[in-house]
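K.L.:
One structure, pasted below without further comment.
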Amino acid sequence: MLLVRGVRLSLNTPRPEAEATDRALKILKVRPGDVAGAGVARLSVDARHGRPSLVYTIGVRLKDEGAELALAGSAPCVALARHAEYRPQPGGAPLEDPPVVAGLGPAGLFAALALARAGYRPLVLERGPALEKRVAAVERFSAGGALEPNANIQFGEGGAGTFSDGKLTTRIGDELCGFVTDTLLAHGAPPEIAWRQKPHVGTDLLRGVISSIRAEIEALGGRVLFETALTGLVTKNGRLTAVNTTAGLIPCQRLVLAVGHSARDTFAMLAESGLPLSAKPFSVGFRAEHLQTDIDKGLYHAAAGHPALPPGEYQLSHHVGKRCVYTFCMCPGGQVVAAASEEGGVLTNGMSYHARAGKNANAAVVISLDGSDFGGDAMKAVAFQRQLEQAAFRAGGSDYTAPAETVQSFLKGEGTLRLSAVRPTYDRGVRAFDLGSLLPGELAQGLRTGLAAFDRKLPGYAGPSAVLTGLETRTSSPVRLERGADFQCTLLPGLYPCGEGAGYAGGIMSAAVDGLRVARALIEGSAPTE
């Protein structure tokens, strides 16, 4: 793909996206018939001189890849964004049994896809149900029904990312990101994810994409066992020979462990088995909600409300001593969702649909923790998360109502919730409570310092209508299962720790890429069953 940067237009330009794309094609000197796709990769507003203008970066994909290479650098504003092709090739000695993949989130899904395309016919274990049944369970809980511990926003086909904004942004810079994007496009993701700087699919569209990828795995001979959890590992002479599951014993020489950041019973099983599990950095806090129009005003200033501008997104951070307070998983036009996966615990997350048309913007506002806070003990870190969630459950009234207060109330430690323009979107309802009392004093004070800094960076962030809903505890896995350069567990050959749950990813794209890396390592060291 070619990127044409710095296409500048007046705010009053009719059909500015079309005009910016036309100008980019003129800069490249290509005909519309040569173009496979084009659109806005990035849009910013330059308001420095009193007359706001729109500044576009246009992504252009040509039908002829060679022509893209020839045009790279043809003008100072033209650059090439490229990725390598990935075609998994089998190698090594044949496996006696198909490889097993535990978990059908992004990491497990893409690991299984790579294995299936290489002829391995993987067996996938997913503790939750298929998407249709999972969506129904989530909707029942959101409407006030009982929590189903294995069918919720954390567990089921697609993993936790299925009920999110569907962001594909990542900082890992791996060429395999292109393979993930191409696969999502081939299975129905919106075309603009190929060129947007901050692509997102949206929870509504992502569901169909996930089901389509799973169908390809099955068409290639893979099998998916839904409502089947991994419960134990069987070893002989220091190597993996089988796995215990809720459906019985399954012979297994190679296991891709992609169970996600909430599989606490699996973490406990790994720790009890003596595997090298350690506490890793994660963060805790709450969800902040603002009117999307207020966020737009803070970001776009005089240009706010212009039809060419997308809903505003922000990313804020502020260091407080050894810790960092930052925003995470910002959902423009989204809602706060009930993300519990254990009875007696309340936690929040954010979600938005592809259109991002909701009235409120929300984001996690969290403060960092380190493995040293728990003496490196992974299970102490998990216990800390659980304690916070149980405290939030009690604070909300023990019916999955969430504790909440305004930002100004939190800054003063008042525990009050005087609602005005912002109406909380948490689907189980909210109850006024002092959120600071649910956290250790150092963390609560750090969050207050961070929020005050955010208000200076984005005016109105601590405004009178802004609401905090708590708690947000699962920004990432609190544990890491150590693996070597060959991607296998350092103490158990045949076990491949993978994705966010094992401590090697943080989001849909990075988890999917890690699934591909692990599958590639497994493939290079073995061959399909004969």
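Under our numbering, think of the first position of the sequence shown as 7, with each following residue one higher. Positions of the beta carbon are idealized from the N, C-alpha and C atoms, including for glycine.
1) Which residue marks the beginning of the alpha helix (DSSP H) containing Glu-233, and which one marks its end?
2) Under the three-state reduction of DSSP, which class applies to Cys-335: helix, strand or coil?
3) Determine the DSSP secondary structure at Val-215, reduced to helix, strand or coil.
4) Using the beta-carbon count (16 or more within 10 Å), is Thr-422 buried or exposed?
5) Assign Pro-38 to one of three DSSP states: helix, strand, or coil.
6) Give me whichever residues DSSP pairs with Glu-478 in a beta bridge.
7) Can you give me the C-alpha to C-alpha distance between Pro-38 and Ala-367, rounded to a whole angstrom?
8) Starting from Gly-114 and walking both ways along the beta strand (DSSP E), at which residues does that stretch end?
9) Please say whether Arg-213 and Thr-175 have beta carbons closer to each other than 8 angstroms?
10) If you draw a straight line from the C-alpha of Val-436 to the C-alpha of Phe-380, how long is it?
11) For Ser-483, count neighbouring Cβ atoms within 10 angstroms of its own Cβ and tell me buried if that reaches 16, exposed if not.
12) Given 8 angstroms as the limit, is there contact between the stretch 322-329 and the stretch 452-470, that is, 3 or more CB pairs closer than that?
13) Measuring CB to CB, does Val-342 end up less than 8 angstroms from Ala-398?
14) What do you reckon, are the CB atoms on Gly-134 and Ala-157 nearer than 8 angstroms?
15) Since Arg-434 and Ala-370 are thought to touch, with beta carbons under 8 angstroms apart, how far apart are those beta carbons, to the nearest angstrom?
16) Along the chain, where does the alpha helix (DSSP H) that runs through Arg-270 open and close?
17) Suppose the cutoff is 6 angstroms on Cβ atoms and the five residues either side in sequence are ignored; what does the same chain contact list for Glu-113 look like?
18) Could you name each continuous beta strand (DSSP E) segment of 3 residues or more that falls completely within the stretch 294-369, going from the start of the chain to the end?
19) What does DSSP give as the partner residue(s) for Thr-412 in the beta ladder?
20) Whole-angstrom Cβ separation of Ser-374 and Cys-330, contact assumed at under 8 angstroms?
21) Roughly how many angstroms separate the alpha carbons of Gly-184 and Lys-173, rounded to a whole number?
22) Just list the residues that DSSP pairs Met-489 with in beta bridges.
23) Give a yes or no on whether the C-beta atoms belonging to Ile-219 and Leu-115 are separated by under 8 angstroms.
24) Starting from Val-144, trace the alpha helix (DSSP H) in both directions and tell me its first and last residue.
25) Measure the alpha-carbon distance for Asp-171 versus Val-215 and round it to whole angstroms.
26) Tell me whether Ala-508 sits in a helix, a strand or coil according to DSSP, three-state version.
27) Once the 5 residues before and after Arg-424 are set aside, which same chain residues still bring their CB inside 7 angstroms of it?
28) Can you list, in chain order, the residues of its chain whose CB lies under 6 angstroms from that of Thr-19, leaving out five sequence neighbours each side?
29) Apply the 10 Å Cβ neighbour rule to Asn-355 and answer buried if 16 or more other Cβ atoms are within range, or exposed otherwise.
30) Are the CB atoms of His-360 and Leu-190 nearer to each other than 8 angstroms?
31) With Gly-12 as the anchor, note down where its alpha helix (DSSP H) starts and where it stops.
32) Under three-state DSSP, which class holds Ala-85?
33) Where does the unbroken beta strand (DSSP E) through Thr-187 begin, and where does it stop?
34) Quick test of your reading: Arg-140 and Gly-162, contact by CB under 8 angstroms. State the CB separation rounded to the nearest angstrom.
35) How would you label Arg-21, buried or exposed, when you count the other beta carbons within 10 angstroms and need 16 or more for buried?
36) Determine contact between the stretch 55-68 and the stretch 26-36, defined as no fewer than three beta-carbon pairs at a distance below 8 angstroms.
P.N.:
Let's see:
1) The residue you call residue 233 lines up with position 227 of the sequence shown. Careful: Glu-233 lies outside any alpha helix (DSSP H) and carries neither H nor E.
2) Here residue 335 refers to the residue found at position 329 of the sequence shown. Three-state DSSP puts Cys-335 in a strand.
3) The count along the sequence shown starts at 1 and reaches residue 215 at position 209. Helix, per DSSP.
4) Stepping through the sequence shown from its first residue, residue 422 is reached at position 416. Thr-422 should be labelled exposed.
5) The count along the sequence shown starts at 1 and reaches residue 38 at position 32. Three-state DSSP puts Pro-38 in a helix.
6) Taking the first residue of the sequence shown as 1, we reach residue 478 at position 472. Gly-291, per the DSSP bridge assignment.
7) Along the sequence shown, one-based indexing puts residue 38 at 32. Along the sequence shown, one-based indexing puts residue 367 at 361. Their backbone Cα atoms lie some 37 angstroms apart in a straight line.
8) The count along the sequence shown starts at 1 and reaches residue 114 at position 108. No beta strand (DSSP E) contains Gly-114, which is instead part of the alpha helix (DSSP H) from 112-123.
9) Residue numbering aside, residue 175 sits at position 169 when the sequence shown is read from its first letter. Residue numbering aside, residue 213 sits at position 207 when the sequence shown is read from its first letter. In this structure, Arg-213 does not lie closer than 8 angstroms to Thr-175 by Cβ.
10) As a working note, residue 436 is residue 430 in the sequence shown. As a working note, residue 380 is residue 374 in the sequence shown. Using only the alpha carbons, I get a separation of about 31 angstroms.
11) Here residue 483 is taken as the residue at index 477 of the sequence shown, counted from 1. Per the 10 Å Cβ criterion, buried.
12) yes
13) In the sequence shown, residue 342 corresponds to position 336, counting from 1. In the sequence shown, residue 398 corresponds to position 392, counting from 1. The answer is no: Cβ separation not under 8 angstroms.
14) Against the sequence shown, residue 134 aligns to sequence position 128. Against the sequence shown, residue 157 aligns to sequence position 151. Yes, the Cβ-Cβ distance between Gly-134 and Ala-157 is below 8 angstroms.
15) The count along the sequence shown starts at 1 and reaches residue 434 at position 428. The count along the sequence shown starts at 1 and reaches residue 370 at position 364. So it is not a contact: roughly 18 angstroms between Cβ atoms.
16) Here residue 270 corresponds to residue number 264 of the sequence shown, with the count starting at 1. In the DSSP assignment, Arg-270 falls within the unbroken alpha helix (DSSP H) covering 270-278.
17) Position 107 of the sequence shown holds residue 113. Note that residue 113 is Ala in the sequence shown here, rather than Glu. For Ala-113, the CB contacts under 6 angstroms within the same chain, skipping 5 residues up- and downstream, are Ala-264, Cys-504, Gly-505, Ala-517, Asp-520 and Gly-521 in chain order.
18) 323-326, 329-337, 341-344 and 354-357
19) For this step, residue 412 is matched to residue 406 along the sequence shown. Val-473, per the DSSP bridge assignment.
20) Here residue 374 refers to the residue found at position 368 of the sequence shown. Here residue 330 refers to the residue found at position 324 of the sequence shown. About 5 angstroms; that satisfies the 8 angstroms criterion.
21) Locating residue 184 in the sequence shown gives position 178, where the first residue counts as 1. Locating residue 173 in the sequence shown gives position 167, where the first residue counts as 1. The alpha-carbon atoms of Gly-184 and Lys-173 are separated by roughly 15 angstroms.
22) Counting from 1 along the sequence shown, the entry for residue 489 is found at position 483. The amino acid occupying residue 489 in the given sequence is Arg; Met does not appear at that position. Partner(s): Cys-495.
23) The residue you call residue 219 lines up with position 213 of the sequence shown. The residue you call residue 115 lines up with position 109 of the sequence shown. Their beta carbons are under 8 angstroms apart, which means Ile-219 touches Leu-115 by this criterion.
24) Counting from 1 along the sequence shown, the entry for residue 144 is found at position 138. Taken as a continuous stretch (DSSP letters only), the alpha helix (DSSP H) holding Val-144 covers 137-148.
25) For the purposes of this step, residue 171 is taken as residue 165 along the sequence shown, with counting starting at 1. For the purposes of this step, residue 215 is taken as residue 209 along the sequence shown, with counting starting at 1. CA-to-CA, the gap between Asp-171 and Val-215 works out to about 14 angstroms.
26) Here the question's residue 508 lines up with position 502 in the sequence shown. Looking at Ala-508 - three-state DSSP - the assignment turns out to be coil, as it is neither helix nor strand.
27) Numbered from 1 along the sequence shown, position 418 holds the residue referred to as residue 424. Thr-412, listed in sequence order.
28) Counting from 1 along the sequence shown, the entry for residue 19 is found at position 13. So the qualifying residues of the chain are Glu-25.
29) Here the question's residue 355 lines up with position 349 in the sequence shown. Residue environment: Asn-355 is assigned as buried (16 or more neighbouring CB atoms within 10 Å of its CB, all protein chains considered).
30) Here residue 360 corresponds to residue number 354 of the sequence shown, with the count starting at 1. Here residue 190 corresponds to residue number 184 of the sequence shown, with the count starting at 1. Their beta carbons are not under 8 angstroms apart, which means His-360 does not touch Leu-190 by this criterion.
31) Counted from its first residue, the sequence shown places residue 12 at position 6. First-last for Gly-12: 8-16, but that is the beta strand (DSSP E), not the alpha helix (DSSP H).
32) Here residue 85 corresponds to residue number 79 of the sequence shown, with the count starting at 1. Three-state DSSP puts Ala-85 in a strand.
33) Taking the sequence shown and counting its residues from 1, the one referred to as residue 187 is at position 181. No beta strand (DSSP E) holds Thr-187; the alpha helix (DSSP H) holding it covers 182-192.
34) Position 134 of the sequence shown holds residue 140. Position 156 of the sequence shown holds residue 162. Sure, about 3 angstroms apart at Cβ, within 8 angstroms.
35) What you label residue 21 is simply residue 15 of the sequence shown in a count that begins at 1. The residue is exposed, with fewer than 16 neighbouring Cβ atoms inside 10 Å.
36) yes
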